[in-house]
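**Student:**
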Amino acid sequence: MNLTSYLAGAMQLFAVMVGAPLVIGVTRQIRALLEGRAGGGVLQPWRDLRKQLGKQQVTPLGTTVVFAAAPVVVAATTLLIAAIAPLVATGSPLDSGADLFAVVGLLFLGTVALALAGIDTGTSFGGMGASREITIAALVEPTILLAVFALSIPAGSANLGALVAHTMGHPGQVASLAGVLAFAALVIVIIAETGRLPVDNPVTHLELTMVHEAMVLEYSGPRLALVEWAAGMRLTVLLALLANLFAPWGVAGARPGALDIVIGVVAIVTKVGVLAALLATAEVFMAKLRLFRVPELLAGSFLLALLSVTAANFFAARA
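Heads up, the sequence shown stops at 325 in our numbering, and the numbers go up one at a time, no gaps.
(1) I'd like to know whether the C-beta atoms of proline 262 and alanine 95 end up nearer to each other than 7 Å.
(2) Do glutamate 302 and proline 66 come within 7 Å of each other at the CB atom, strictly closer than that value?
(3) Does the Cβ-Cβ distance between leucine 187 and leucine 313 come in under 7 Å?
(4) Could you tell me which of Ala76, Phe107 and Leu40 sits nearest to alanine 91, measuring between CA atoms?
(5) When you compare the CB of isoleucine 197 with every CB in chain C, is at least one pair closer than 7 Å?
(6) Roughly how many angstroms separate the alpha carbons of proline 204 and aspartate 266, rounded to a whole number?
(7) Identify, in the order they occur along the chain, each residue of the same chain with its Cβ nearer than 8 Å to the Cβ of glutamate 139, setting aside the five sequence neighbours on each side.
(8) Across the segment 238 to 245 and the segment 74 to 86, are there enough close Cβ pairs to call them in contact, namely three or more that are closer than 8 Å?
(9) Find the nearest neighbour of valine 180 within the set Phe252, Leu166 and Ala237, judged by alpha-carbon distance.
(10) Return the bridge partner residues of asparagine 165 from the DSSP annotation.
(11) Output the boundary residues of the alpha helix (DSSP H) element that contains alanine 282.
(12) Out of Phe20, Asn165 and Val233, which one is the CA nearest neighbour of phenylalanine 73?
In structure tokens, the structure reads:
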């Protein structure tokens, strides 16, 4: 581990922190343009965060420390994933902690914290959103484990850095049957995990359709800013992981030079921007699924992930 490895880790953390609102801004602006609207601009989420930070913070009566701590927990777990994941380089200072099970556990910890906060308010909307979120998470987290585990079988490791390095050395394995099935499963669960269409609508406030928004209705001021910032970072990190697991071009190695870090930052910004644009474009042509149809979609993604593990084991046994 050299100094540039620490620099690469700091750069990817900084890129996620600063770029997360911009990713949300890109998705909103592209949707607005495709729908014939002017839109607020790519920088509008940053303006919203600045406005919320200047507002008064209101705490509902009867809430406990769970309600106050949930935004911090969600933001902290997402930042920890951004610090350990191989976004810019494969040899970050915390690379040993970039285990598949640790990353999924951190994602679930943030989800549970926000669900408990929704229940802690004692409102019907908060409890409704929390129950829906946990139902979705119960199907999403196992699918992420299975899909990435399928990629770890040929690599022989569950470490995300090792998976990215293996894909860089063997790019042809991404186009295999196991790789295609794992990619399809991950796309579906990332959409569900981040509350995008057709699972959830991130801009709706209709009582009968809210999932994520129902849990954060009682937040205001700096706490609401932290929740929305964390949601943007979660989307950014998951899109970056999806890009690097299947298209790791530009990712620096374990001992990167200064130029390698610059290339890695430019590459991850480009890939996340392209994926965000594709996501926003697809959402324009999608309608939100009925709540009772969402488990069917997620069960299908789980089946795809299970088939990818089966295919990966089959080809590994034949090799």
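Just so you know, even glycine gets a beta-carbon here, dropped at the ideal spot from N, CA and C.
**Tutor:** Looking at the coordinates:
(1) yes
(2) no
(3) yes
(4) Phe107
(5) The displayed structure is made up of one protein chain only, and chain C is not part of it.
(6) 38 Å
(7) Thr117, Leu120, Ala121, Gly124, Val217, His218 and Met221
(8) yes
(9) Phe252
(10) Asp105
(11) 264 to 290
(12) Val233
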